[in-house]
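Everything below concerns the one structure shown next.
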Amino acid sequence: DSYIAVTGLPDPSDDHALVLAQFAEDCRRTMNDIVSDPLLGQQMQGNLSKLSMRFGLHSGSVTAGVLRGHKSRFELFGDTINTASRMETT
(Lines of atoms letter the chains of each structure in order from A and count residues from 1; the text may use other names and numbers.)
(Lines give C-alpha, C1' and ligand atoms only; values in the text may rest on other atoms or scores of the structure.)
Protein backbone atom coordinates (compact mmCIF):
# COMPACT_ATOMS: atom_id res chain seq x y z
CA ASP A 1 0.00 0.00 0.00
CA SER A 2 0.97 3.60 -0.42
CA TYR A 3 -0.06 6.52 1.71
CA ILE A 4 0.42 10.23 1.41
CA ALA A 5 1.05 12.72 4.20
CA VAL A 6 0.71 16.46 3.64
CA THR A 7 1.71 19.48 5.69
CA GLY A 8 0.69 23.07 5.16
CA LEU A 9 -2.90 22.23 4.23
CA PRO A 10 -5.35 23.87 4.37
CA ASP A 11 -3.30 26.66 5.95
CA PRO A 12 0.20 27.23 4.52
CA SER A 13 3.11 27.06 6.95
CA ASP A 14 6.68 28.24 6.48
CA ASP A 15 8.14 25.09 8.07
CA HIS A 16 6.05 22.55 6.10
CA ALA A 17 9.08 20.83 4.57
CA LEU A 18 10.83 20.47 7.93
CA VAL A 19 7.67 19.11 9.57
CA LEU A 20 7.24 16.49 6.86
CA ALA A 21 10.93 15.49 6.88
CA GLN A 22 10.77 15.04 10.67
CA PHE A 23 7.61 12.94 10.28
CA ALA A 24 9.33 10.73 7.70
CA GLU A 25 12.36 10.29 9.98
CA ASP A 26 10.09 9.38 12.91
CA CYS A 27 8.33 6.81 10.72
CA ARG A 28 11.68 5.33 9.65
CA ARG A 29 12.91 5.06 13.24
CA THR A 30 9.65 3.48 14.40
CA MET A 31 9.74 0.99 11.55
CA ASN A 32 13.33 0.04 12.43
CA ASP A 33 12.26 -0.52 16.05
CA ILE A 34 9.36 -2.70 14.92
CA VAL A 35 11.33 -4.95 12.58
CA SER A 36 14.12 -5.42 15.13
CA ASP A 37 11.78 -6.44 17.98
CA PRO A 38 12.21 -10.23 18.40
CA LEU A 39 9.16 -10.54 20.68
CA LEU A 40 6.88 -8.89 18.13
CA GLY A 41 8.29 -11.09 15.38
CA GLN A 42 7.51 -14.14 17.50
CA GLN A 43 3.98 -12.91 18.22
CA MET A 44 3.36 -12.21 14.51
CA GLN A 45 4.80 -15.63 13.60
CA GLY A 46 6.75 -14.17 10.73
CA ASN A 47 9.91 -12.54 9.55
CA LEU A 48 9.44 -8.82 10.19
CA SER A 49 12.74 -8.02 8.48
CA LYS A 50 10.87 -8.27 5.17
CA LEU A 51 8.85 -5.18 6.09
CA SER A 52 10.09 -1.89 4.71
CA MET A 53 9.10 1.71 4.09
CA ARG A 54 9.90 4.05 1.21
CA PHE A 55 9.55 7.82 1.22
CA GLY A 56 9.19 10.43 -1.49
CA LEU A 57 9.23 14.05 -0.39
CA HIS A 58 8.42 17.01 -2.58
CA SER A 59 7.22 20.54 -1.99
CA GLY A 60 4.84 22.54 -4.13
CA SER A 61 1.26 23.34 -4.93
CA VAL A 62 -1.51 20.75 -5.16
CA THR A 63 -5.15 20.60 -6.14
CA ALA A 64 -7.50 18.78 -3.80
CA GLY A 65 -10.99 17.40 -4.21
CA VAL A 66 -13.44 14.68 -3.28
CA LEU A 67 -13.99 11.95 -5.85
CA ARG A 68 -17.44 10.45 -5.82
CA GLY A 69 -18.33 6.97 -6.86
CA HIS A 70 -18.52 3.55 -5.25
CA LYS A 71 -16.24 4.80 -2.46
CA SER A 72 -15.99 8.57 -2.03
CA ARG A 73 -12.47 9.66 -1.18
CA PHE A 74 -10.38 12.77 -0.77
CA GLU A 75 -7.66 13.08 -3.42
CA LEU A 76 -4.68 15.32 -4.11
CA PHE A 77 -3.53 16.04 -7.66
CA GLY A 78 -0.72 17.85 -9.40
CA ASP A 79 2.93 17.73 -10.37
CA THR A 80 3.97 17.80 -6.72
CA ILE A 81 2.07 14.59 -6.00
CA ASN A 82 3.35 12.90 -9.17
CA THR A 83 6.97 13.83 -8.41
CA ALA A 84 6.79 12.56 -4.82
CA SER A 85 5.21 9.33 -6.05
CA ARG A 86 7.97 8.78 -8.60
CA MET A 87 10.62 9.50 -5.95
CA GLU A 88 9.06 6.95 -3.61
CA THR A 89 8.98 4.19 -6.21
CA THR A 90 12.58 4.51 -7.46
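Residue numbers in the sequence shown follow our numbering, run continuously in steps of one, and reach 94 at the last position. Ideal placement from N, C-alpha and C gives every residue a C-beta, glycine not left out.
inquiry  = Pull the bridge partners of residue 67 from the DSSP assignment, please.
reply    = Paired residues: 81.
query = Using DSSP with H/G/I as helix, E/B as strand and the rest coil, what is residue 16?
reply = Coil.
query = With residue 78 and residue 67 assumed to form a contact (beta carbons below 8 Å), what rounded beta-carbon distance in angstroms separates them?
reply = Actually they do not touch by this definition, with Cβ atoms about 12 Å apart.
request  = Please work out which residues of its chain come closer than 6 Å, Cβ to Cβ, to residue 58, disregarding the five sequence neighbours upstream and downstream, and give them in chain order.
outcome  = Residues of the same chain with a CB within less than 6 Å of the CB of residue 58, apart from the 5 flanking positions on each side, are 92 in chain order.
ask   = By Cβ distance, which residues of its chain are closer than 6 Å to residue 20, with the 5 residues on each side in sequence left out?
value = Exclusion of the five residues before and after residue 20 leaves 11 and 12 as the residues of its chain whose Cβ lies within less than 6 Å of its Cβ.
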